[in-house]
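For reference, the structure discussed in these notes is given below.
Structure representation (structure tokens):
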């Protein structure tokens, strides 16, 4: 029997829910997987075999129903993995920087886009949603296994550690249009909070960017703004070869 | 008292939930608004005044709690508008075309991006989620009030009605990369189902496009692919001046 408990920010473990997420962790962050739990009604023999084979002799696999009642009442989920929470450090290279992100689903979706465009380092400036939250991991569809995430004390601390990065804060009143800007590498694409955007002082940092859109909407959804930024910043380069 | 009932596909009315959505409908599709309901605990005097003023003498406004229990149990919502469902016809110009979209939230998010990039006509090819569903309207943040949506019998029917449109199906194995393609106007950006993408036969239609991404993810989220397509297709033109 594997013990699980409702996730809290101070839990030492987090959870990956669903076969897609579990497979991503086993394939790309196996060292973080502490256990795998299969639902007794899970019938996909192929997937079960793959999971058991990836778990080998050192990752315990149990078949039991109770953890699903605790962790995924409402969801259509037949596999869970228990993930150890380890702090990570991002490296040199291109970064996505989220300042005060508040929504778990959005953070996960942005992780997936980051991985899709080959940007594997994510900096988070608090206050922020907990990037270990199972909702983040689920929304990332397992991309959380492949994107390094580091929480900094402040934006200044982040910027001081990567003095060579070109800073591109995305702001509604940014002085240059994204499609007219050559994004130089290594870049930091900096996105603000979902409701309030970036604080005004970011207009004095690096080169503030705006994505042109009509006056009929207040702003683009944050996941969409971040993904358009990633698309534009990485186009023409091989997304599989980036850091 | 204004009568409301849980929304169903064959309901003659639908609902806009929340102040943002209600304001968008009153400002941009007032003729569709049949009534407005305020929650007795709604305390935002400014918003109430604006809503009452926009409703004038011909749109009834009531203050009652029961409709909120029926329509928005879980949500933090203090205003509802009752919207008449009228079939619309899209016009000539640039279009977003959704083939077999299955998720209400995604459809709403795509509507918001369409409006943001000045593409105000949305064609839907069934089977598809009901575009009148309050979940679509809510996810659109009211953009549904400003985007015309028409459901066609088939893709062939759609294509026959707009023979002048350049067709750009977005496919994982599309023959040309989005960032190397000049999207000619009037364009039809064609997106497939969230899980299965476009049927293979679309590779013979128009110019199939792929958005380059790394092999680390299966595909981009549909709302993100659609929005990147819109961004690229409309950049450099005034989003407020389009059809």
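Protein chains in written order, with this note's numbering: chain A, 1 to 243; chain B, 1001 to 1243. For every residue, glycine included, the Cβ atom is placed at its ideal position computed from N, Cα and C.
Your pair residue 1049(B) and residue 1088(B) does not check out as a contact, with CB atoms roughly 31 Å apart and the cut at 8 Å.
Counting only runs of at least 4 residues, the stretch 1095-1172 of chain B fully encloses the following alpha helix (DSSP H) elements, listed from N- to C-terminal order: 1104-1116, 1134-1139, 1155-1161. Rounded to the nearest angstrom, the gap between the Cα atoms of residue 1019(B) and residue 1221(B) is 28 Å.
Using a 10 angstroms sphere on the CB of residue 1024(B), the tally of other CB atoms reaches 16 or more, which defines it as buried. In this model, residue 57(A) and residue 153(A) are separated by some 39 Å (Cα to Cα). In the DSSP annotation of this structure, the continuous segment of the beta strand (DSSP E) that includes residue 14(A) starts and ends at 13-17. Along the stretch 135-152 of chain A, going in chain order, the ones with a CB nearer than 7 Å to a CB of chain B are 143, 146. In chain order, 82, 84 place their CB closer than 6 Å to the CB of residue 34(A), counting only its own chain and leaving out the 5 sequence neighbours on each side. In this structure residue 99(A) is in contact with residue 192(A), their Cβ atoms being roughly 5 Å apart against a cut-off of 8 Å.
With a threshold of 8 Å between beta carbons, residue 1179(B) makes contact with chain A.
Taking CB atoms only, residue 1217(B) has a neighbour in chain A less than 8 Å away. The C-beta separation of residue 1059(B) from residue 1005(B) comes to about 20 Å, leaving the pair out of contact by the 8 Å criterion. For residue 81(A), the secondary structure class from DSSP, reduced to helix, strand or coil, is strand. Per DSSP, the continuous alpha helix (DSSP H) segment holding residue 1068(B) begins and ends at 1066-1071. For the stretch 1098-1125 of chain B, the residues whose beta carbon sits under 8 Å from a beta carbon of chain A are, in order, 1109, 1112, 1113, 1115, 1116, 1117, 1118. Residue range 1033-1038 is occupied by the beta strand (DSSP E) that includes residue 1035(B). At a beta-carbon threshold of 7 Å, none of the residues of chain B lie near residue 196(A); the nearest stands roughly 15 Å away. Under the three-state reduction of DSSP output, residue 1177(B) falls in the strand class.
Bridge pairing for residue 1023(B): absent [DSSP].
With a cutoff of 8 Å on beta-carbon distance, residue 184(A) and residue 166(A) are scored as near each other. The alpha-carbon of residue 1127(B) is positioned some 42 Å away from that of residue 1043(B).
Identification of residues in the stretch 16-47 of chain A having a C-beta nearer than 7 Å to some C-beta of chain B yields an empty set. Here residue 1187(B) carries a strand assignment [DSSP, helix/strand/coil].
Proximity to residue 1053(B) across 1122(B), 1036(B), 1112(B) peaks at 1036(B), based on C-alpha coordinates. If you check the CB distance, residue 1139(B) and residue 1097(B) do not come in under 8 Å. Between residue 1120(B) and residue 1141(B), the C-beta gap is not smaller than 8 Å, which leaves the two residues out of contact.
For residue 1062(B), the enclosing beta strand (DSSP E) covers residues 1061-1063. Between the alpha carbons of residue 200(A) and residue 158(A) lies a distance of about 18 Å. Between residue 1040(B) and residue 1063(B) the beta-carbon gap is near 6 Å, inside 8 Å, which marks them as a contact.
For residue 1240(B), at least one C-beta of chain A is nearer than 8 Å to its own C-beta.
If you look at residue 1230(B), you'll find it in the alpha helix (DSSP H) that goes 1222-1234. The beta-carbon distance between residue 143(A) and residue 1217(B), rounded to whole angstroms, is 6 Å. This is short enough to meet the 8 Å contact definition. As computed with DSSP, residue 197(A) is found in a beta bridge with 193(A).
Separation of residue 1186(B) and residue 1115(B) (C-alpha to C-alpha, rounded to the nearest whole angstrom) is 16 Å.
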